[in-house]
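Undergrad: Chains as they are written, first to last, in the working numbering: chain A, 1 to 224; chain B, 1001 to 1224. Where is the CB? At the ideal position from N, CA and C, for every residue including glycine. Let me give you the structure first, and then I'll get to my questions.
2 protein chains.
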Amino acid sequence: MAVSRRRQVASDIGLSKQRVVVEAVRLADREGVDGLSMRRLAGELGAGAMSLYHYVANKEELLDAMIDVVFAEIELPPEDTDWQSAMRRRAVSARQVLARHPWAISLMESRTSPGPAHLRHREAVTACLRRAGFSVLMATHANWLLDVYVYGFALQAASLPFDTAGEFADMAEDVFLPQLPPEEFPYLNESAAALVAAGYDPAEEFFFGLDLVLAALEPLRGSA
Amino acid sequence: MAVSRRRQVASDIGLSKQRVVVEAVRLADREGVDGLSMRRLAGELGAGAMSLYHYVANKEELLDAMIDVVFAEIELPPEDTDWQSAMRRRAVSARQVLARHPWAISLMESRTSPGPAHLRHREAVTACLRRAGFSVLMATHANWLLDVYVYGFALQAASLPFDTAGEFADMAEDVFLPQLPPEEFPYLNESAAALVAAGYDPAEEFFFGLDLVLAALEPLRGSA
DNA sequence: ACAGATTCCGTACACCGTACGAGCCCCGCT
DNA sequence: AGCGGGGCTCGTACGGTGTACGGAATCTGT
């Protein structure tokens, strides 16, 4: 009884902002953002709910920190290739990260302050574009467009109930087509049927738009 | 005391799903989606909280219905012009609608079933593209890309603390530039300064990407 | 006039974020 | 050695949430 044992629970070395935020991300991955409550998170860390507030001012700050963890996971554009390959790699990485943390997309809308990892990322992307010969204005346009594409795609993809060609085919035949009578929705009906027949793979969709956007930006290098 | 007066409060003719959903949209516009609670909404309608559950199975269904109200506000692509003008009009309309109902963007991620107005809208867009000569596959690509652009832009714009050129200049000078020391963020610092000097207007950004995407899609008409 | 359906809502329960303040432990000072 | 203070932990409590349940009031058809 004389032994000093401050932490007796599952947690190993005591809390820290880092540990709190990382566990919050893990919990959100597992249960969705709705399943993330301060009490639940504290339980996961083997602590009392109010203990968390020593490391985070409030839940908003926790969510901000979680978003920045997500940004830190996105690969920075490599410096040793042409700008298109670099932007392509970072877009693909961002897509993977957002697929791993789907809750992040719904949080982006509400968080307005960038966070350090977010800023470092923007700096690297802007550097890549400027070095490739884009003007300040064109680099801004390109930055916007690429971000819009990546986040917009993730947003759209998150609200779809299929990810693979097989899942799409199943959903289309069992759910969509019955809901799309040809009299009311001739074109959607035609599309759904034709896409299933052609073995349409929604996972490929990302690259179509990405490559189209990259190609369309190329001629703008060097222009004002 | 013998007079029959069932509804004595501000509400005029009694409840209905329509009235509940419309008032919910109004409340969300006014107070944000966090300010929308069943009790609050009921109060706004001059009713008890539990009365709402006669018209809506649960809050999720209410949110679904609200999203569909938003979709119904988006202009359908006009049929009497070329496809680019039609798509441009509907994109601009969607942007306006989403700016009017910013809460809608954060809801889209979580709602997975389309809703009638959403379906009607997709049918009209697909019809426009197919009639313009896009194949089923290309129309699907174009549909995705345009939606990704519109929703992605709205998502991005919602998380920025400025809308106009003046607000951007103020924020950049008072907030961004002090946070972007030139040693750590040379390119972002340069960009912020140059954009302010050039009178950069973020409201114009929408059209750059939109027109670029439309132009890049044009040559794909008629291809497989 | 009465029966049944429709509409409304008061109460209650489990959960949420978090303000407040009491306890605990460790450290440095006298 | 004793003590005071500061960092950390957390129990309790308050006002909010979504909604299950059951009762009451009204409307409708006979």
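Okay, do the segment 1095–1108 of chain B and the segment 1132–1148 of chain B touch, 3+ Cβ pairs below 8 Å being the bar?
TA: Touching, no.
Undergrad: Please identify, using Cβ separations under 9 Å, the residues of the segment 1108–1122 of chain B that lie next to chain A, in order along the chain.
TA: Listed by position along the chain: MET1108, GLU1109, SER1110, ARG1111, THR1112, SER1113, PRO1114, LEU1119, ARG1120, ARG1122.
Undergrad: Near LEU1220/B, what residues of its chain come up, given a Cβ to Cβ distance below 8 Å and the 5 sequence neighbours on each side ignored?
TA: Residue 1220/B sits at position 220 when you count from the first residue of the second sequence. For LEU1220/B, where only same-chain residues beyond five positions count, the Cβ hits under 8 Å are PHE1134, MET1138, HIS1141, ALA1142.
Undergrad: What residues in its chain sit with their C-beta under 8 Å from that of ARG1030/B, if we drop five residues either side in the sequence?
TA: Numbered from its first residue, the second sequence carries residue 1030/B at position 30. Closer than 8 Å at the Cβ level, and outside the excluded window around ARG1030/B, lies no residue.
Undergrad: Specify the secondary structure class of ILE1074/B as computed by DSSP and reduced to three states.
TA: Within the second sequence, numbered from 1, the residue matching residue 1074/B stands at position 74. Here ILE1074/B sits in coil by DSSP.
Undergrad: 8 Å is my cut-off, CB to CB: does ALA1132/B come that close to chain A?
TA: Indexing the second sequence from 1 puts residue 1132/B at position 132. For ALA1132/B, the answer is no, since every Cβ of chain A falls outside 8 Å of its Cβ.
Undergrad: Around the Cβ of PRO77/A, are there at least 16 other Cβ atoms within 10 angstroms (buried) or fewer (exposed)?
TA: Your numbering for residue 77/A matches position 77 in the first sequence. With 16 or more other Cβ atoms within 10 Å, it is buried.
Undergrad: With a cut-off of 8 Å on the beta carbons, I'd call VAL1097/B and VAL1070/B a contact; round off their distance for me.
TA: The residue labelled residue 1097/B in the question sits at position 97 within the second sequence. The residue labelled residue 1070/B in the question sits at position 70 within the second sequence. Between VAL1070/B and VAL1097/B the Cβ distance is about 6 Å, and since that is below 8 Å, they are a contact.
Undergrad: Measure from the C-beta of LEU1036/B to each C-beta in chain A and report whether the shortest distance is under 8 Å.
TA: The count along the second sequence starts at 1 and reaches residue 1036/B at position 36. So, not an interface residue.
Undergrad: Roughly how many angstroms separate the alpha carbons of GLU190/A and PRO1161/B, rounded to a whole number?
TA: Here residue 190/A refers to the residue found at position 190 when the first sequence is read from its first residue. Here residue 1161/B refers to the residue found at position 161 when the second sequence is read from its first residue. Looking at the two C-alpha atoms, the distance is approximately 43 Å.
Undergrad: Decide if the segment 1195–1205 of chain B is in contact with the segment 1166–1178 of chain B; the criterion is three or more beta carbon pairs, one per stretch, under 8 Å apart.
TA: These segments touch.
Undergrad: Spatial neighbours of ALA1072/B within its chain, please: CB distance less than 6 Å, with the 5 preceding and 5 following residues excluded, ordered by chain position.
TA: For the purposes of this step, residue 1072/B is taken as the residue at position 72 of the second sequence. For ALA1072/B, where only same-chain residues beyond five positions count, the Cβ hits under 6 Å are ALA1117.
Undergrad: If you check the beta carbons only, do LEU1155/B and ILE1074/B fall under 8 Å apart?
TA: By one-based count along the second sequence, residue 1155/B stands at place 155. By one-based count along the second sequence, residue 1074/B stands at place 74. Cβ atoms of LEU1155/B and ILE1074/B: not closer than 8 Å.
Undergrad: So, is the C-beta of PHE977/B closer than 8 Å to a C-beta in chain A?
TA: Outside the displayed range of chain B (1001 to 1224) lies residue 977/B, so it cannot be described from this structure.
Undergrad: Counting only runs of 4+ residues fully inside the segment 115–186 of chain A, write out the alpha helix (DSSP H) ranges in chain order.
TA: The qualifying runs are 116–131, 136–158, 165–171.
Undergrad: Since PHE1208/B and VAL148/A are thought to touch, with beta carbons under 8 Å apart, how far apart are those beta carbons, to the nearest angstrom?
TA: Residue mapping note: residue 1208/B aligns to position 208 of the second sequence, counting from 1. Residue mapping note: residue 148/A aligns to position 148 of the first sequence, counting from 1. Rounded, the Cβ-Cβ distance is 11 Å, inconsistent with contact.
Undergrad: Look at LEU1027/B and LEU1036/B and say whether their C-beta atoms are less than 8 Å apart.
TA: Mapped onto the second sequence, residue 1027/B falls at position 27. Mapped onto the second sequence, residue 1036/B falls at position 36. Yes, these two residues count as a Cβ contact at 8 Å.
Undergrad: Taking CB distances under 8 Å as the criterion, tell me whether PHE941/B reaches chain A.
TA: Past the boundaries of the shown model lies residue 941/B; chain B is included only from 1001 to 1224, so the question cannot be answered.
Undergrad: Classify VAL9/A as helix, strand or coil using the three-state DSSP reduction.
TA: Position 9 of the first sequence holds residue 9/A. Residue confidence for VAL9/A is low, a pLDDT of 40 falling below 50, so the modelled location carries little weight; the figure read from the coordinates is stated next. In the structure shown, VAL9/A sits in coil (DSSP, three-state: anything other than H, G, I, E or B).
Undergrad: For ALA198/A, which three-state DSSP category applies?
TA: Taking the first sequence and counting its residues from 1, one reaches residue 198/A at position 198. Three-state DSSP puts ALA198/A in coil, outside helix and strand.
Undergrad: GLU1079/B versus chain A: which residues are under 9 Å apart at the beta carbon?
TA: Stepping through the second sequence from its first residue, residue 1079/B is reached at position 79. Result: empty, since nearest Cβ-Cβ is about 13 Å, beyond 9 Å.
Undergrad: Answer yes or no: does any C-beta atom of chain B fall closer than 8 Å to that of GLY43/A?
TA: Counting from one through the first sequence, the residue named residue 43/A turns up at place 43. Not closer than 8 Å to any Cβ of chain B, the Cβ of GLY43/A fails to qualify, so no.
Undergrad: Can you tell me whether THR1126/B is buried or exposed? The criterion is at least 16 other CB atoms within 10 Å of its CB, across all chains shown.
TA: Position 126 of the second sequence, counted from the first residue, corresponds to residue 1126/B. Classification of THR1126/B: buried, given that the 10 Å Cβ count is 16 or more.
Undergrad: Compare the C-beta of SER1106/B with all C-beta atoms of chain A and state if any pair is closer than 8 Å.
TA: Taking the second sequence and counting its residues from 1, the one referred to as residue 1106/B is at position 106. Yes, SER1106/B counts as interfacial toward chain A.
Undergrad: Among LEU1217/B, ARG1040/B, ALA1065/B, PRO1182/B, which has the Cα closest to the Cα of PRO1114/B?
TA: The residue labelled residue 1114/B in the question sits at position 114 within the second sequence. Of LEU1217/B, ARG1040/B, ALA1065/B, PRO1182/B, the residue nearest in Cα terms is ALA1065/B.
Undergrad: Give me, in chain order, the residues of the same chain whose beta-carbon lies closer than 7 Å to that of ALA236/A; leave out the 5 immediate sequence neighbours on both sides.
TA: Residue 236/A falls outside the range modelled here, since chain A spans only 1 to 224, and no answer is possible.
Undergrad: Got a sec? Which residues, its chain only, sit under 6 Å from LEU1129/B by beta carbon, not counting five neighbours each side?
TA: Taking the first residue of the second sequence as 1, we reach residue 1129/B at position 129. Hits under 6 Å: ALA1139, ALA1142.
Undergrad: So which residues of chain B does ALA28/A contact, with C-beta pairs closer than 9 Å?
TA: What you label residue 28/A is simply residue 28 of the first sequence in a count that begins at 1. By Cβ distance, chain B contributes nothing, its closest Cβ being about 13 Å from ALA28/A, past 9 Å.
Undergrad: Run through DSSP, which three-state label would ASP211/A get?
TA: As a working mapping, residue 211/A is identified with position 211 in the first sequence. DSSP places ASP211/A in helix when its eight states are reduced to three.
Undergrad: Residues in the segment 1142–1159 of chain B with C-beta within 7 Å of chain A's C-beta atoms, listed in sequence order?
TA: For the segment 1142–1159 of chain B, which is checked against every Cβ of chain A, the residues closer than 7 Å are TRP1144, LEU1145, ASP1147, VAL1148, TYR1149, TYR1151, GLY1152, PHE1153, LEU1155, GLN1156, ALA1158, SER1159.
Undergrad: What does a CB cutoff of less than 8 Å around LEU1180/B pick up in its chain, not counting 5 residues either side in sequence?
TA: If you number the second sequence from 1, residue 1180/B lands on position 180. Closer than 8 Å at the Cβ level, and outside the excluded window around LEU1180/B, lie LEU1188, ASN1189, ALA1192.
Undergrad: Which residues, in chain order, does the segment 1190–1221 of chain B contribute to contact with chain A at a C-beta distance below 8 Å?
TA: Cβ contacts with chain A: GLU1190, SER1191, ALA1194, LEU1195, ALA1198, TYR1200, GLU1205, PHE1208, GLY1209, LEU1212, VAL1213, ALA1215, ALA1216, LEU1217.
Undergrad: Roughly how many angstroms separate the alpha carbons of GLU184/A and PRO178/A, rounded to a whole number?
TA: For the purposes of this step, residue 184/A is taken as the residue at position 184 of the first sequence. For the purposes of this step, residue 178/A is taken as the residue at position 178 of the first sequence. The straight-line gap from Cα to Cα measures roughly 12 Å.
Undergrad: State buried or exposed for ARG1039/B, treating a residue as buried only when at least 16 other CB atoms are found within 10 Å of its CB.
TA: By 1-based counting over the second sequence, the position of residue 1039/B is 39. Classification for ARG1039/B: exposed.
Undergrad: Just how far apart, CA to CA, sit GLU204/A and ARG95/A?
TA: Numbered from 1 along the first sequence, position 204 holds the residue referred to as residue 204/A. Numbered from 1 along the first sequence, position 95 holds the residue referred to as residue 95/A. Cα-Cα distance, rounded: 12 Å.
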